[in-house]
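Peer 1: Got a structure for you, written out below as structure tokens; questions coming shortly.
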Amino acid sequence: MLTKKLIIALMFVLMFAAGGVQAGGDVTRGEELGVDCADCHGDDGLGDEDVPGIAGMDPADMVKELKAFKSGEREDEEEDMVDSVEDLSEQDMADLAAYFASLPGE
Ligand code: HEC
């Protein structure tokens, strides 16, 4: 009977662990993906004179903008952003948004 209890306990642990994967954005994963964004937006996400700051941006707004670049609804003259978002999934965007939202803005 002990084995059965152990299996049940293990199932709960696994369920809990799976629940730990956030439904929204995963900041740690966003940080890894965000390395590619730092080239232009800076390590701190604050941007410079040519690139807007994205640190501290509302995550819902960020996902909306990233989707708009991907769909072509929002254009950028140099196509910098279009190239950056073309391979991103919705989960990637949510993770990136969660990460940049966690950084202090200006
Ligand atoms: C090659 C340079 C470059 C890279 C790499 C890049 N961006 Fe950008 N990003 C820009 C530029 C330039 C703009 C402004 C575009 C415009 O409005 O015409 C911009 C705009 C944005 C905006 C809109 C900001 C606002 O205020 O509306 C968001 C959000 C954004 N970038 C997020 C990201 C994320 C997330 C990544 C990484 C996946 C990334 N960018 C990678 C250059 C870059």
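Add 7 to the 1-based position in the sequence shown for my numbering, that's all there is to it.
Don't be surprised by glycine CBs; every beta carbon is placed ideally from N, CA and C.
(1) Report yes if the CB atom of L101 is closer than 8 angstroms to the CB atom of G52, and no otherwise.
(2) Is E85 near the ligand HEC, with its Cβ less than 7 angstroms from a heavy atom?
(3) May I have a chain-ordered list of the beta strand (DSSP E) segments no shorter than 3 residues that lie completely inside the region 21–107?
(4) Pairs of beta-carbons, one from the region 60–69 and one from the region 97–113, closer than 8 angstroms: are there three or more?
(5) Does at least one heavy atom of the ligand HEC sit under 7 angstroms from the Cβ of D102?
Peer 2: So, from the listed chains and residues:
(1) The amino acid occupying residue 101 in the given sequence is Ala; Leu does not appear at that position. It is not a contact, given that the beta carbons lie outside the stated cut-off.
(2) The nearest non-hydrogen atom of the ligand HEC is less than 7 angstroms from the C-beta of E85.
(3) none
(4) yes
(5) no
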